[in-house]
Structure formats: structure tokens, C-alpha cells
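Basically my numbering = 1-based index in the sequence shown + 302. The beta carbon of each residue, even a glycine, is placed where N, CA and C say it ideally should be. Have a look at the structure below before the remarks.
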Amino acid sequence: MRSRFNVLSHMLKILLFLFICAVLSWVLNQVTMPPNVVWMNLHRVRESAPYDYIFVGTSHGQYGISPEVVEETTGKKCFNLCMADEYPIDTYFLVKEACKTHKPEKIIYELDPSYWIGDQRLGSTSIFFYKEFPWSAVKLEYFADKIVEQDYRSTLFPWSYYKNNLTKAEDIVKKKLSAAYREYDPEILDIPGGYYKSDGFIYQEKVEGADKGTFNNMPWVEGEIRESARIYFSKTVEYCRENQIDFEVITMPVPEETEANMPENYEQSERFFEDFMKVRGIRYHNFNYDPELEFDRSMESYWDYDGHMFGEDAEKFSRELGEYLLR
């Protein structure tokens, strides 16, 4: 009898310890992980549906596509789900999540070739999207396909990637207790040099004399394409076709100075993706090679050499993008 009691007592202590760890981990998540764009976007695309066009892709699209302006041009209600560090595997699950409540007429994928040949950095960016997904079958599939293969901390202790924010804990808690947080007010987001303007679009302000960095674009090497990129791009296309959603691909214009720094690389990636999409029957357009594009591709329109646009220039480009989508 005493032996059974000792075993039971030991089990209860273990369970109590695990419970305390879980509570402590939850608290640390709350005080170290600030409100972010993914959190805002997943709420808005769910609560403000239906949408006719949904853009997915990378930070080039996030800073370069204004849904509001495209909507004015096309008459189609738009949402921009392009975000920094959004790799093809993340895009696939974002599309599935966005389509849970309403399936749009069209998905437009903004393709950045560097996301096809590079690996996603482990750490806070690799769990950036997953941790903001609401609990659902989509999130479980996301976990099985991506998160389970990562460092166990990404699942059990996501706060460990944000521990540097402990010094900001008071400010983060104040934000999460505020009415702005409960109402998903974009003003609560901390976006250096810019602000969340409309439906996923980040408007970057112009600052005279600001440092724009230097050339750091990843050279295109076809032999380094990651199998994961092929697989999850194909899954996204297949999902759209199964659900009668039009799917097309665009590549955003980069600064002329950047293209001139490695012209052969840009030409090689253009030929590869043009053939890649043609074989699959996918409409594809690279704005770097659009003779009708009137957008100013000098560095005056961008805040870095990588190709991120200033807000006012992004709105000019978005008008031309809308006109292209009507062709």
C-alpha cells in the first residue's frame, strides 16, 4: 500500500512540476512576444473576408503592393499576405488558412527567387507564422510538416527565441492589456520607419539621406533550388486548382542598380521561372522585364538595394500592377 502511495505521490509531483513549467512558459510567451504583423494579418484576413484577390509572397510584396490601390484600379477586394521570411512552405499554409472562411477568386504569388535557393534561418523567424495560427487541422498539418523537424524549443518554449525582449516585458504587457490590442488596432504594431496602412501593406516613409545599405542579393544558382520550395509551391498550385481558385505568379521590380550589379543572374532566374511556369500552365510576369512598366526603378523609389519600396512609390507601382491584372 505504501509503495502505491509513494508511486502516486511521485506521479503527482511530476504532474505538478509539468503544470508549473507550462504556466511559466505561457507567461514568458506573453511577456516576451509582442504583437506583430502576422498576428494582425491572420485576424484581418479571417474577419474581413470575403476577398477577391489575395497576394502571398515575401517582404518585397509586403512593402510593394497596396491592396487599396489595386482595388481602386481593378474593382476587386484585395488582401496582402506577403510577409518577411515567408518561404514556400509558409505560403502554402497561409493560403489554406486564408481560404478556410472564404475562397477568393484569385491567389497572386509574389516570387522572390532567393527564397527558393536559401534555407530559412532557425529561430524566431522560422516559427513566426506557425505560432500565430489559431488551433485547427491546418495548424496541426503545419506542425507535422515543418515545426516537428525543428529545435524542440520552437514548440515547447517559443519564448526562448524572444528572451532578449525580457527587458521590454512591461511595455509588451501594457500593449496586450490595452483596448488597441483587443481591437486589433494597427497602431499597436512597432514597425521601424513605417506603419501598417491597409490589409497587410506596410507603408515605409521616406527619410532624406537615410543609409540604404549595399548590394547583398543572393546570386541565383539553379542547382541550389531547395526541394521544399518545389514541393510546397506545387502543393499551393494544386490546392488552388482543386478549389477552383485562379493562380498566377509575379516578380516585383528591383532597383536598376541592383539588376545591373548581377545582370546574368537575373536573366538566368527569369529564363528558369518562365519555363517552369509555362510547363505548368501558370501565368507568370516579371516586372523587371516589362517594357510597358512606367514605374521609376531608380534607387529613389527604394529604401534598400534588395528592392523594398517606399510607401508612396509602392502605391504608384500598385496602380500599374492593377492595370496588368486586368489584361
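For Lys408, the enclosing beta strand (DSSP E) begins and ends at 408-412.
Residue environment: Gln546 is assigned as exposed (fewer than 16 neighbouring CB atoms within 10 Å of its CB, all protein chains considered). At least 8 Å separates the beta-carbon of Ser480 from that of Gln452.
Contact between the stretch 332-352 and the stretch 580-591 is absent, with fewer than three C-beta pairs closer than 8 Å. The DSSP-derived three-state label of Thr553 is strand. In the three-state reduction of the DSSP assignment, Asn588 falls in the strand class, which pools E and B. Taking C-beta separations shorter than 6 Å and ignoring five residues to either side along the sequence, the partners of Val539 in its chain run Phe549, following chain order. Taking one beta carbon from each stretch, the stretch 364-376 and the stretch 619-629 have 3 or more pairs nearer than 8 Å; the two touch. In terms of Cα proximity to Gly502, the closest of Ser361, Asp354, Ile316 is Ser361.
The beta-carbon distance between Val358 and Ile409, rounded to whole angstroms, is 6 Å. This is short enough to meet the 8 Å contact definition.
Below 8 Å, too few C-beta pairs join the stretch 558-572 and the stretch 456-468 to call them touching: fewer than three. At the C-beta level, Tyr355 and Cys384 stay beyond 8 Å of one another.
Sequence-distant Cβ neighbours of Trp461 in its own chain, meaning closer than 6 Å and more than five residues away, are Leu330, Asn331, Thr334. Looking only at Tyr541, Glu544, Phe612, Glu524, the smallest Cα-Cα distance to Phe575 is reached by Glu524. For the alpha helix (DSSP H) assignment, the uninterrupted runs of no fewer than 4 residues enclosed by the stretch 507-577 are, from N- to C-terminal side, 529-544, 558-563. The residue from Gln364, Thr376, Arg423 with its alpha-carbon nearest to that of Gly496 is Gln364. Ile504 has Tyr498 as its beta-bridge partners, per DSSP.
Judged by DSSP secondary structure, Tyr463 falls outside any alpha helix (DSSP H); it is assigned neither H nor E. Each of Tyr463, Asn382, Phe321 was checked against the Cα of Phe430, and the nearest Cα belongs to Tyr463. Secondary structure note for Phe612: it is in no alpha helix (DSSP H), with a DSSP letter that is neither H nor E. Contact annotation: Glu614 and Asn588 have beta-carbon atoms that are not nearer than 8 Å.
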